[in-house]
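Numbered by our numbering, the letters in the sequence shown go through residues 138 to 351 in order. For reference, the structure discussed in these notes is given below.
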Amino acid sequence: MHEHRGVLMTGSGRGGRATVMSVEIRVMTHEDVRDVSALADRLVGDDYYTPALVAETMERSTLSDQVFSYVAVSDGKLVAFRFVLPPGRWEHGRGQALAPERWGAPLEKTAYFQSCFVDHAVMGQGIGRRLAHRALADLKALGARAVVAHSWKESPHGSSLRYLTRLGFEAVAEHPEYWVEVDYTCALDGKPCHCTAIEVVLNLDQWTPPEATS
Numbered sequence: 138m139h140e141h142r143g144v145l146m147t148g149s150g151r152g153g154r155a156t157v158m159s160v161e162i163r164v165m166t167h168e169d170v171r172d173v174s175a176l177a178d179r180l181v182g183d184d185y186y187t188p189a190l191v192a193e194t195m196e197r198s199t200l201s202d203q204v205f206s207y208v209a210v211s212d213g214k215l216v217a218f219r220f221v222l223p224p225g226r227w228e229h230g231r232g233q234a235l236a237p238e239r240w241g242a243p244l245e246k247t248a249y250f251q252s253c254f255v256d257h258a259v260m261g262q263g264i265g266r267r268l269a270h271r272a273l274a275d276l277k278a279l280g281a282r283a284v285v286a287h288s289w290k291e292s293p294h295g296s297s298l299r300y301l302t303r304l305g306f307e308a309v310a311e312h313p314e315y316w317v318e319v320d321y322t323c324a325l326d327g328k329p330c331h332c333t334a335i336e337v338v339l340n341l342d343q344w345t346p347p348e349a350t351s
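Below you can see the structure in the form of C-alpha cells.
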C-alpha cells in the first residue's frame, strides 16, 4: 500500500491451493485509468489515486513516447499496477521529503518508483516482482543510473520494505508523516495520514536483469 504494496500464477483450488492463472505484464494505457484508480481505492484508501491523478501520473511517466508504467492483467481483469517516473519527469514523490545526497547519482539520472499495488486476492505470487523487473530493465536501457522509492514503514509484517530490499534497494532515510499533506483517506489513520516512509535507492549501474543471471 501507499508507495509500495503488493501474478504470476494464482487462484483458489481444492484445499485452498493455488490454481494456475495466466498473467500478462504490459505497458499501462489510457484505457486502464479507471481500473487503476478503483484498485488503489480498495487497497490504500479512497481518492489516493483519482482517475484524474492516474491520467496525470501516466503522463509524467512518459518520456519520448515511451511509457514507463505497467499493469498486470489476468482473464481480462487488471490485478496490479506499477507507476514509474523516468529521469527528468519528477522532483519528488507523493510527499515532499527526499535525501538526494544519499543516492549516489544525480536527480537527472535517477528514476522514481512511485507506487505498486497488487490485488489482495493474488498477492504473494510474484506479480510485484515481475512488474519491477520489467520497469528496471526498461530504465537501465534508457540510461538511468539509480531508482528511488518510498516504502511504507507500517505495512503488515514489513512487507513493503521487504519487497523493495529483495529487489536490491537499500534504505537511506526515514521520513515521519510523509503522506500527511496528501488529500486522501488513509486505510490506517483516516485523514490525514500519519504513516512513515522509508526512502530506499537501487544502483542501476550494478543491477543485472534476472534472466541475465540464470
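Glycine residues also receive a C-beta, built at the ideal position from the N, C-alpha and C atoms.
For residue 201, the closest of 347, 223, 274, 178 by C-alpha to C-alpha distance is 223. Taking a cut-off of 8 Å for Cβ pairs, the segment 227-236 and the segment 162-172 do not touch, as fewer than three such pairs fall below it. Following the DSSP letters along the chain, one finds residue 170 inside the alpha helix (DSSP H) bounded by residues 170-181.
When rounded, the separation of the alpha-carbon atoms in residue 320 and residue 268 is 27 Å.
Cβ-Cβ distances below 6 Å link residue 308 to 335, 337 in the same chain, with the five nearest sequence neighbours on each side left out; the list follows chain order.
Per DSSP, the continuous beta strand (DSSP E) segment holding residue 222 begins and ends at 214-222. Listed in chain order, the beta strand (DSSP E) runs fully inside the segment 301-327 are 307-312, counting runs of at least 3 residues.
Annotation: residue 187 is outside any beta strand (DSSP E) and is labelled neither H nor E by DSSP. As summarised for the segment 201-285, the continuous beta strand (DSSP E) elements at least 3 residues long and confined to that stretch are 207-211, 214-222, 247-255, given in chain order. Bridge partners of residue 287 according to DSSP: 336.
With a beta-carbon spacing of about 6 Å, residue 285 and residue 240 fall inside the 8 Å limit used to define contacts.
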